[in-house]
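Working notes for the structure below.
Residue numbers (the UniProt record's numbering): 1 to 102.
Structure below.
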């Protein structure tokens, strides 16, 4: 099974930013800043630092394919780095709203 590409995960995050796909927290944020989220069955581990989304650490698609930060870095880009400033701000806003609601 081929690994997930940066572009696939970027599109998923972009859709969540546009609120085309719902993003929801699936657990409590860890002390190290990792947050587990679900976007229509896609499981993502996001690295958050002081309410700022730094990178996507891991993603697993509903069909079992997986992508890891180490693999993306090898090719020079993380899905989060492809987000526009506005898209990034929208994802951070959604994550902050969820954290504040807990």
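Note that the Cβ used here is the ideal one computed from N, Cα and C, for glycine as well.
Say the cut is 6 Å; is the CB of residue 47 nearer than that to a heavy atom of the ligand SAH? Absent from the structure shown: the ligand SAH. Ligands present: none.
Verify whether the separation of the beta carbon atoms of residue 6 and residue 77 is less than 7 Å. On the chain shown, position 6 is the one that residue 6 refers to. On the chain shown, position 77 is the one that residue 77 refers to. Closer than 7 Å, so yes.
- Task: Go ahead and label residue 2 buried or exposed: buried means 16 or more other beta carbons lie within 10 angstroms of its beta carbon, across all protein chains shown.
- Result: Here residue 2 refers to the residue found at position 2 of the chain shown. So residue 2 ends up on the exposed side.
Exercise for review: Could you say which of 64, 48, 52 and 43 lies nearest to residue 110 if we only look at CA atoms?
Suggested key: Any property of residue 110 remains undetermined from this structure, which presents the chain solely from 1 to 102.
Starting from residue 5, trace the alpha helix (DSSP H) in both directions and tell me its first and last residue. What you label residue 5 is simply residue 5 of the chain shown in a count that begins at 1. First-last for residue 5: undefined, no H or E at that position.
Judging by CA-CA distance, which residue of 16, 15, 81 and 38 is the nearest neighbour of residue 25? Mapped onto the chain shown, residue 25 falls at position 25. When only C-alpha atoms are compared, the closest one is 38.
Beta strand (DSSP E) runs contained entirely in the UniProt domain "DUF7693" (4-96), provided each spans 3 or more residues | 23-25, 34-39, 42-49, 52-60 and 66-68
Q) Between residue 46 and chain C, is there a C-beta pair that is closer than 7 Å? A) Protein chain content of the structure displayed is limited to a single chain, and chain C is not contained in it.
Residue 18: buried (16+ other C-beta within 10 angstroms of its C-beta) or exposed?
For the purposes of this step, residue 18 is taken as residue 18 along the chain shown, with counting starting at 1. With fewer than 16 Cβ atoms within 10 Å of its Cβ, residue 18 is classed as exposed.
Margin query: Considering only their Cβ atoms, is the gap separating residue 47 from residue 34 smaller than 7 Å?
Written below: On the chain shown, residue 34 is found 34 positions in, with the first residue counted as 1. On the chain shown, residue 47 is found 47 positions in, with the first residue counted as 1. Yes.
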